[in-house]
Amino acid sequence: MSKMEVKTSLLDNMIGVGDMVLLEPLSEDSFIGNLKNRFDHNEIYTYIGSVVISMNPYKPLPIYTAEKVEEYRNRNFYELSPHIYALADEAYRSLRDQDKDQCILITGESGSGKTEASKFVMSYVAAVCGKGQEVNKVKEQLLQSNPVLEAFGNAKTVRNDNSSRFGKYMDIEFDFKGDPLGGVISNYLLEKSRVVKQPRGERNFHIFYQLLSGASEDTLKKLKLDRDFSKYNYLSLDSATVNGLDDAASFRTVRNAMQIVGFMEDEVQSVLELVAAVLKLGNIEFKPESRVNGFDESRVKDKNDLKEMCELLGLEQSVLERAFSFRTVEAKMEKVSTTLNVAQAYYARDALAKNLYSRLFSWLVNRINESIKAQTKVRKKVMGVLDIYGFEIFEDNSFEQFIINYCNEKLQQIFIELTLREEQEEYVREGIEWTNIEYFNNAIICDLIENNQNGILAMLDEECLRPGTVTDETFLDKLNTVCAEHQHFESRQSKNSKFLTDHSLPHNCFRIQHYAGKVLYRVEGFVDKNNDLLYRDLSQAMYKANHSLIKLLFPEGNPSKVNLKRPPTAGFQFKASVGTLMKNLLTKNPNYIRCIKPNDKKAAHIFTDSLVCHQVRYLGLMENVRVRRAGYAFRQAYEPCLERYKMLCKQTWPHWRGQARDGVEVLLTDLQVPVEEFAYGRSKIFIRNPRTLFFLEEKRRQCLEDLATLIQKIFRGWKSRRQFLLLKKSQVVVAAWYRRYAQQKKYQKIRCSALVVQSFIRGWKARKILRELKYKKRCEEAVTTISAYWHGTQARRELRCLKNEARSKQAVSVIWAYWQGNKARRELKRLKEEARRKHAIAVIWAYWLGLKVRREYRKFFRANAGKKIYDFTIQRIMQKYFLGLKKTTLSMSPIDKSWPAKPYGFLEGTHQELRRIFHLWRCKKYRSKFTKEMKATYEEKLAASELFKDKKALYPSSVGQPFKGDYVELSKNPKYQKLNSLVEDKVLLADVVSKINRANGKGAPRMFLLTKNNFVLADQKTGQVKTSVPLPDLSSVSVSTQNDGFFALRVKEGATSAAKGDFLLSSDRLIEIITKLHRIGSASADRNQIKIDISDEFLVQFKQDKVCVKFIQGAPKNGNGVICKRKNNRLLEVSVPSP
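For the sequence shown, our numbering gives the first residue as 1205, with consecutive numbering after it.
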């Protein structure tokens, strides 16, 4: 449909028939033909009234985008094309606006797209409900629970690569605004037999393959696993890899989903250990061993897998090995131990594997429920989504298919009942007479299965509990005796003679005629599967494991709680679960999605008529259409009906001024529609036959064509008139502009002529004035020139007189100066000659004396000149070295390591010795200034360095801060006088800390007082003592490696102070507090030293619950530093800014 088209009804541009109620004629062939026609045009959704039929396209379609969500948001159910979003929107709006609890029932056989349909419903509800940080978190947790459950509960089958092997019912809880608060998941009948055996062409549960494909080498090494699938007996090899499934990527998705849902890291590791244990359990094999008494006993062949499994579970190998070889039977006060043969040992092994995996799956569901449950106590609205197996008819049907089909019988019963009730309520609400509708009531089939006296399940339980030899054959004999006359039960060995020659009915089988058809059940395995027996020895062995999860999964193994009563059978448990589910569904407004698989090849564009016909029959879709059409096939509110068909009557077109019902009456009367074809309700018009609706649609189509022609005619006339008026207006504008242009040109020409005349006149007048001015100027310049020549002559004459007089005076001065200079030069020459003679005499005398001295000294020097020169040189060097040290200003700080460089290599020893002596001397001088208080402070600083240096990022910033101890001036502050008097010992440290609340991660201020014997937490405002804990009750202190002030004070288990659990505090003086705590423990000889744990993830005990405190690095938000947030009930996350 193009962007310009707007759909206002289901009937617009309809491919085939969008609502099967309007199908005419109605038959099975026309029904399937309509589905095929719509499927070929990628229309995979079709309505049956308010029921949605969904065909699996086996390819992605562009009909689930954000634009589609907005298109179907807050729209009437029949307003747009059939879509699963329309049903989801109708259910959500009914829940939000009408305060009606809803349930969405999704049924169909394996591979029909039930799981995907439930995902689309949940994603739509998540998209249209409110926004906000907390709401988005709840939505994300609800959506991310799907990958976890799919990994542990889905498997590849011959019909579906992602088949749900369990039934799931999720209740999503909303507040009064329609925002999700949480949810609760219920699971039904996990196919645990798949753990130990898979049919050809099928796989075990996804998690086994995902773990081996996607886990890191380190994780596999810890779990003692290998990537090779062929090494594990429980994994089928013919379908180990599936096209289109990336097990490694799926494993990463599951790990991420578990983290989002709220699983802690140790819980995830425990779950993976149990999955690995199941794989190891399948590799354990047994061999027979004869005993003296003649009985066979089983022994484990290769104990390596048994050993590795026991190491994973923290279990002694001998305990489990004995449980595989012996069985203890308790009867009142007696215990009898019997040996197990090889077949019984294999049965015990497989039973343990199935129970271990199924209990792990149940624990996962409960753990997810714990994380996604609503935290508030307010009244909640509920929307339930049921994704459960459809009716199953295989070549070989066993106990699993029997109870699955029983569940579908109950769902069909409630479907028919609720559909009829909904129809009847609407008829009564609209004031239309209700007539009873004939339909097949499958209550007789349900009674055949669930009757408490002679129902098949009751007889199966009775046979399982009966003493003596119990086999599947005895159970079938009992059925043949009790149910022989039942019209829906068939068996070849029954008393009913008509089945004696029926060769399609084997002797070890019975057949039940379900509402969807006859199903043949093979009785083999019914008793064992219903018993679901796990030997008590295995339960007790599992309970002895040191694994944190195993004890929770096998509570019956507790020796102190031995219960000799037999556990309820699988059939009894499933019957009770189905009963509870039915009661739950009856309290809610139902919405149905019927999923159909178009072909068995899991390929797009293929529609197999026979397969679809089979599904249409067992889903009861034809009967559903007949129920809807038994009264009135189509109904619509008066307003949209009148709006859609008002153009068919002149009185109602184009506007009807009265009531909408009156307009519809006038419209139908004018069209001469027979009175028996419709009825008027209080708010809706009811049309009995689809032919009447199609008659109205055909008349509307013809009328729309006429209206379109009329609209086109009017539009063309309006367009032509508009074009003419535009041309006329343009001509007037062009003429006006031309006249204006002509006048402007004429004016410009006249103006230019006037300007030329004016310029010529002004030029003539200017030239005349110029001539007069030039003549006047020449006269003035002539007078000035004559005057100047006269003054110049006078000045030159005076100058010549002055020059002659000056020349005579200068000649006398020059002559006198020359004579004086000549006289001075003669005197200078005489003095130089006299000095030269005196200097020559002195030089000769000095040379003679030097020569004489050198001759005398040469004799003395030749004897010991070398030694004296060496001693003299060394003496001068040492003198220079010591004088240099004296002049150098050296630091008196003991931590200053600077020292002058050595000037010569031979002074290395002297240089280092002087450095050592100087350092000792200045240390002595530094120590002489110490007081007792300073000494104690430095000892505490030294202890802090030993505890936190290179271990805690906060430590470097605390080095320069002195440890004061009392930061609140306890003795001086009058507010704390009473508190000071209550503390008996001397207060070593008093400061304000923050006590962290586990509910929201926020801190409350508290006074923290530390003495030699205990620590006290008091209210900061009133000074009232909140908690006083003796120091011997402390076991350890936990801090992180980050730059934060969080620390946890752990209280010993069983101590008097352990009632409130551990203390999670935060302080800027963390280093000082923990150092003083540690020194007090070290100084006391009668108590153990307090242990300091430094880790970025540790557990804190809050009363009965353990909460994990996890530290991560992140960017500061809004200028805040360290931020503590509660992620879920068991995780506090502390975000520390990166350094």
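Built from N, CA and C at the ideal position, the CB exists for glycine as well.
When burial is assigned at 16 or more other CB atoms within 10 Å of the CB, is His-2115 buried or exposed? His-2115 is buried by the Cβ-count criterion.
Identify, in the order they occur along the chain, each residue of the same chain with its Cβ nearer than 6 Å to the Cβ of Ser-2161, setting aside the five sequence neighbours on each side. none
Where DSSP assigns a beta bridge to Arg-1715, which residues make up the other side? Glu-1694 and Leu-1724
Measuring only the C-alpha atoms, how far is Ser-1417 from Phe-1758? 30 Å
Can you give me the C-alpha to C-alpha distance between Ala-1970 and Ala-1940, rounded to a whole angstrom? 45 Å
Which value, in whole angstroms, describes the spacing of the CA atoms of Glu-1574 and Leu-2221? 32 Å
Contact check, Tyr-1268 vs Phe-1324 under 8 Å by CB: the rounded distance? 6 Å
Put Glu-1265 into one of helix, strand or coil per three-state DSSP. The sequence shown places Leu at residue 1265, rather than the Glu named in the question. It is coil, neither helix nor strand.
If you draw a straight line from the C-alpha of Gly-1317 to the C-alpha of Lys-1426, how long is it? 38 Å
So which of His-1711, Asp-1665 and Ile-1288 has the shortest CA-CA distance to Asn-1684? Per the Cα distances, His-1711.
Would you grab the beta carbon distance between Leu-1393 and Phe-1778 for me? Rounded to a whole angstrom, and I think it's under 8 Å. Yes, they are in contact, since the Cβ atoms of Leu-1393 and Phe-1778 sit about 6 Å apart, within 8 Å.
So who's on the other strand from Ile-1660, going by DSSP bridges? DSSP output for Ile-1660 lists no bridge partner at all.
From Ile-1411, Val-1255 and Tyr-2074, residue whose alpha carbon lies closest to that of Leu-1439: Ile-1411
Roughly how many angstroms lie between the CA atoms of Val-1937 and Leu-1930, to the nearest whole one? Cα to Cα, Val-1937 sits roughly 11 Å from Leu-1930.
DSSP state of Ala-1527, grouped into three classes? helix
For Lys-1372, count neighbouring C-beta atoms within 10 Å of its own C-beta (all shown protein chains included) and say buried if the count is 16 or more, exposed if not. buried
Just how far apart, CA to CA, sit Ile-1965 and His-1995? Those two C-alpha atoms are separated by around 47 Å.
With the cut-off set at 7 Å, would you say Gly-1824 and Gln-1657 are in Cβ contact? no
So, is Arg-1943 buried or exposed, given that buried needs 16 or more other C-beta atoms within 10 angstroms? exposed
How about Lys-1888 and Glu-1599: do their beta carbons lie closer than 7 Å? no
Which residues does DSSP list as the beta-bridge partners of Cys-1307? Gly-1588 and Pro-1794
Helix or strand or just coil, what does DSSP make of Thr-1212? Any answer about Thr-1212 is weak, because its pLDDT of 47 lies below 50 and its placement is not dependable; what the coordinates show is given next. Reduced to three states, the DSSP call for Thr-1212 is coil.
Using only the alpha-carbon positions, how far apart do Asn-1788 and Ile-1389 sit? 13 Å
Proximity to Asp-1676 [Cα-Cα], best of Gly-1382, Asn-1735 and Ala-1720: Asn-1735
CA-CA distance, Ala-1688 and Leu-1661? 16 Å
Any idea what DSSP makes of Gly-2207, helix, strand or coil? strand
Whose C-alpha, out of Asp-2248, Asp-2266, Ser-2239 and Lys-2307, is nearest the C-alpha of His-2282? Closest option to His-2282, Cα to Cα, is Ser-2239.
Short Cβ contact (7 Å threshold) for Leu-1738 with Ala-1527: Pairing Leu-1738 with Ala-1527 gives a Cβ-Cβ distance that is not under 7 Å.
If we call anything under 7 Å between Cβ atoms a contact, is Phe-2212 one with Val-2197? yes
Which residue's Cα is closest to the Cα of Lys-2307: Gly-2249, Pro-2234 and Asn-2201? Asn-2201
Could you check which residue in Gln-1691, Pro-1671 and Arg-1726 has the C-alpha nearest to that of Cys-1650? Gln-1691
Mind checking whether Ala-1749 and Leu-1429 have CB atoms under 7 Å apart? no
Please go through the same chain and pick out, in chain order, the residues whose beta-carbon is closer than 7 Å to the beta-carbon of Arg-1726, but skip the five residues on each side of it. Excluding positions up to five away in sequence, the list reads Asp-1600, Asn-1601, Ser-1602, Asn-1712 and Cys-1713.
Mind checking which residues open and close the alpha helix (DSSP H) that includes Thr-1250? Per DSSP, Thr-1250 belongs to no alpha helix (DSSP H); it is in the beta strand (DSSP E), 1249–1252.
Under 6 Å Cβ to Cβ from Leu-1564, same chain only, skipping five residues before and after it: list those, please. When the five nearest sequence neighbours on each side are left out, the beta carbons in the same chain lying within less than 6 Å of the beta carbon of Leu-1564 are those of Leu-1478, in order along the chain.
Nearest-angstrom Cα separation, counted from Glu-1469 out to Gln-1463: 8 Å
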